[in-house]
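Asks:
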Amino acid sequence: MRNLEKLLEEYYKAPEIFQAGKYWKAHEDRIINEIRRADITQLRSGKYPIFGAFGFSELIYYYHPNTPIYIKRLKQIIRRIFITDKALLPYSLRLGDIREMAYNFCMAQGETAKIKSISEIEVSTFGNPSDLFEMDGKKYTMQFLNYYIRLCFAQKYLKLKGDETIVELGSGSGFQVEILKKVFPDLTILCFDLPYPLFLCEKYLSESLGEKSIIKSTETIDYTNLSAMEKKKVHMFGNWKFPILNNEKFDVFWNAASFGEMEPAIVRNYLVSLLNHVTKRLSIN
Ligand SMILES: C[S@@+](CC[C@H](N)C(=O)[O-])C[C@H]1O[C@@H](n2cnc3c(N)ncnc32)[C@H](O)[C@@H]1O
Numbered sequence: 278m279r280n281l282e283k284l285l286e287e288y289y290k291a292p293e294i295f296q297a298g299k300y301w302k303a304h305e306d307r308i309i310n311e312i313r314r315a316d317i318t319q320l321r322s323g324k325y326p327i328f329g330a331f332g333f334s335e336l337i338y339y340y341h342p343n344t345p346i347y348i349k350r351l352k353q354i355i356r357r358i359f360i361t362d363k364a365l366l367p368y369s370l371r372l373g374d375i376r377e378m379a380y381n382f383c384m385a386q387g388e389t390a391k392i393k394s395i396s397e398i399e400v401s402t403f404g405n406p407s408d409l410f411e412m413d414g415k416k417y418t419m420q421f422l423n424y425y426i427r428l429c430f431a432q433k434y435l436k437l438k439g440d441e442t443i444v445e446l447g448s449g450s451g452f453q454v455e456i457l458k459k460v461f462p463d464l465t466i467l468c469f470d471l472p473y474p475l476f477l478c479e480k481y482l483s484e485s486l487g488e489k490s491i492i493k494s495t496e497t498i499d500y501t502n503l504s505a506m507e508k509k510k511v512h513m514f515g516n517w518k519f520p521i522l523n524n525e526k527f528d529v530f531w532n533a534a535s536f537g538e539m540e541p542a543i544v545r546n547y548l549v550s551l552l553n554h555v556t557k558r559l560s561i562n
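Right, dumping it as structure tokens:
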């Protein structure tokens, strides 16, 4: 927990433009206090719904045979009153059918995108994900499959070869990084985020990819440039370190479901760093 306090100390000292916007400010103290007392080994169990705000939501679909009887009854009453003749699962589908369809969809999408098949990788079980299931002897969650689909979509445009350097702002849980590194192990990835998601993301990725793959935020906190960057590793940075990119080379900038949660001035500030980078690259080429 000392790492979290150190990150917070540096974050509070950072310029105002790097402090969370209104949306995140409203939850900040509650999230930080929850992290301080949380059992990190239960991160994905559903015990800490507030962590779902940045991606740690792995709840199982509720309408299936194992749903506790009182929830089933409640749902029956709600359905009878409000949605009289709508079946919640059409064609009497079971949870297992949906999972199988999702897995097969990933197989097809992976083939089209020409990337490593979903059947060759599996999800980490760290954090006790409640939505864990097996397909062909490997472990998955619906979230893992979702992030794989995202990569298949992005790959149509990015055409990654696998040795690139990717910068992600707002990495959240780190689930996208987990997929990226499991599909393309030689990628170098720089994750930037607010200190509290970053702390949990770092814990998660250290378990799912192995400690040796991660350069921790307590190490990068003193970086003034990227000369110490290690190829093929995932580097964790507090968001206030973003200007470090100004004079550096990288190949891809990744931001998902994140800029939309920031005020325009905050987004503009990040984009200025990127613009500096793009301008330099264009003038070099
Ligand atoms: C909804 S989560 C999305 C996480 C991840 N990109 C995904 O797709 O699952 C939004 C992310 O944006 C980050 N974020 C919000 N405001 C930010 C800011 N001002 N600077 C940096 N990151 C921010 C949050 O910490 C969080 O990790």
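Using our numbering, the first residue of the sequence shown is number 278, and each one after it goes up by one. No residue lacks a Cβ here, since even glycine has one placed at the ideal position from N, Cα and C.
When the Cβ atoms of the stretch 437-450 are set against those of the stretch 327-334, are three or more pairs found closer than 8 Å?
Replies: Yes, since at least three Cβ pairs between the stretch 437-450 and the stretch 327-334 fall closer than 8 Å, the two stretches touch.
Asks: Within its chain, find whatever has a CB closer than 6 Å to the CB of Gly-404; leave out the 5 residues flanking it on each side and keep chain order.
Replies: Position 127 of the sequence shown, counting from 1, holds the residue named residue 404. Once the five neighbours on either side are set aside, the close Cβ partners of Gly-404 are Leu-320, Arg-321.
Asks: Compute the beta-carbon to beta-carbon distance between Pro-472 and Leu-285, rounded to the nearest angstrom, for a pair I have assumed lies under 8 Å.
Replies: Here residue 472 is taken as the residue at index 195 of the sequence shown, counted from 1. Here residue 285 is taken as the residue at index 8 of the sequence shown, counted from 1. Pro-472 to Leu-285, Cβ: 5 Å. Contact.
Asks: Around the Cβ of Lys-480, are there at least 16 other Cβ atoms within 10 angstroms (buried) or fewer (exposed)?
Replies: Against the sequence shown, residue 480 aligns to sequence position 203. Result: buried.
Asks: Would you decide whether Thr-389 is buried or exposed? Buried here means 16 or more other CB atoms lie within 10 Å of its CB.
Replies: The residue given as residue 389 occupies position 112 in the sequence shown. It is exposed - the Cβ of Thr-389 has fewer than 16 other Cβ atoms within 10 Å.
Asks: What is the rounded straight-line gap between the Cα of Gly-439 and the Cα of Arg-376?
Replies: To locate residue 439, count along the sequence shown from 1; it is residue 162. To locate residue 376, count along the sequence shown from 1; it is residue 99. Looking at the two C-alpha atoms, the distance is approximately 28 Å.
Asks: What runs of the beta strand (DSSP E), each 3 residues or longer, lie entirely inside the stretch 518-553?
Replies: Correct list: 529-531.
Asks: Would the beta-carbon of Ser-494 fall within 9 Å of that of Met-506?
Replies: In the sequence shown, counting from the first residue as 1, residue 494 sits at position 217. In the sequence shown, counting from the first residue as 1, residue 506 sits at position 229. Cβ distance not < 9 Å, so Ser-494 and Met-506 don't count as in contact.
Asks: Can you name, in chain order, every residue of its own chain whose Cβ lies under 8 Å from the Cβ of Leu-428, other than the five neighbours on each side?
Replies: Here the question's residue 428 lines up with position 151 in the sequence shown. Ala-390, Ile-392, Gln-453, Ile-456, Leu-457, Val-460, listed in sequence order.
Asks: Nearer than 8 Å: is that true of the beta carbon of Ala-431 relative to any heavy atom of ligand 1?
Replies: Reading the sequence shown from its first residue, position 154 is the one you call residue 431. Outside the cutoff, so no.
Asks: Rounding to the nearest angstrom, what Cα-Cα distance links Asp-528 and His-554 in this structure?
Replies: Counted from its first residue, the sequence shown places residue 528 at position 251. Counted from its first residue, the sequence shown places residue 554 at position 277. The straight-line gap from Cα to Cα measures roughly 10 Å.
Asks: When we look at the beta-carbon of Tyr-425 and count the other beta-carbons within 10 Å, is it buried (16 or more) or exposed?
Replies: The residue labelled residue 425 in the question sits at position 148 within the sequence shown. By the neighbour-count rule (16 or more Cβ atoms within 10 Å), Tyr-425 is buried.
Asks: Hey, how far is the Cα of Glu-293 from the Cα of Gly-414?
Replies: If you number the sequence shown from 1, residue 293 lands on position 16. If you number the sequence shown from 1, residue 414 lands on position 137. The alpha-carbon atoms of Glu-293 and Gly-414 are separated by roughly 49 Å.
Asks: List the endpoints of the continuous alpha helix (DSSP H) containing Val-511.
Replies: Walking along the sequence shown from the start, residue 511 turns up at place 234. Note, Val-511: premise wrong, no alpha helix (DSSP H); beta strand (DSSP E) at 511-515.
Asks: On a CA-only basis, which of Phe-430, Asn-280, Ile-354 is nearest Gln-386? Give me that one, please.
Replies: Numbered from its first residue, the sequence shown carries residue 386 at position 109. Taking only the C-alpha atoms, the option nearest Gln-386 is Phe-430.
Asks: Using a Cβ-based criterion (distance less than 8 Å to any ligand heavy atom), does Leu-446 qualify as near ligand 1?
Replies: Within the sequence shown, residue 446 is the residue found at index 169, counting from 1. Under cutoff, so the answer is yes.
Asks: Tell me which residue opens and which closes the beta strand (DSSP E) that Asp-470 is part of.
Replies: Taking the first residue of the sequence shown as position 1, residue 470 is located at position 193. Taken as a continuous stretch (DSSP letters only), the beta strand (DSSP E) holding Asp-470 covers 465-470.
Asks: Between Pro-474 and ligand 1, is the CB less than 8 Å from at least one heavy atom?
Replies: Looking up residue 474 in the sequence shown gives position 197. Yes, since a heavy atom of ligand 1 falls inside the 8 Å radius drawn around the Cβ of Pro-474.
Asks: So within the stretch 400-482, which uninterrupted beta strand (DSSP E) runs reach at least 3 residues, ignoring any that extend past its ends?
Replies: Counting whole runs of 3 or more residues, the stretch 400-482 contains the beta strand (DSSP E) stretches 410-412, 415-417, 442-446, 465-470.
Asks: Which residues share a DSSP beta bridge with Ile-491?
Replies: For the purposes of this step, residue 491 is taken as the residue at position 214 of the sequence shown. The partner list for Ile-491 (beta bridge, DSSP) reads Val-511.
Asks: Leaving aside the five residues before and after Ala-291 along the sequence, list all residues of the same chain whose C-beta is less than 7 Å from its C-beta, in chain order.
Replies: Taking the first residue of the sequence shown as position 1, residue 291 is located at position 14. Cβ within range, chain order: Trp-517.
Asks: Tell whether a beta-carbon distance below 9 Å holds between Ile-398 and Tyr-380.
Replies: For the purposes of this step, residue 398 is taken as residue 121 along the sequence shown, with counting starting at 1. For the purposes of this step, residue 380 is taken as residue 103 along the sequence shown, with counting starting at 1. Result no, Cβ atoms of Ile-398 and Tyr-380 do not sit closer than 9 Å.
Asks: Measure from the alpha carbon of Ala-297 to the alpha carbon of each residue in Leu-552, Leu-551, Gly-537, then state which is nearest.
Replies: The sequence position of residue 297 within the sequence shown is 20, counting from 1. Ranking the options by Cα distance to Ala-297, first place goes to Gly-537.
Asks: Output the boundary residues of the alpha helix (DSSP H) element that contains Ile-312.
Replies: One-based indexing of the sequence shown puts residue 312 at position 35. Run containing Ile-312: 299-314, per the alpha helix (DSSP H) assignment.
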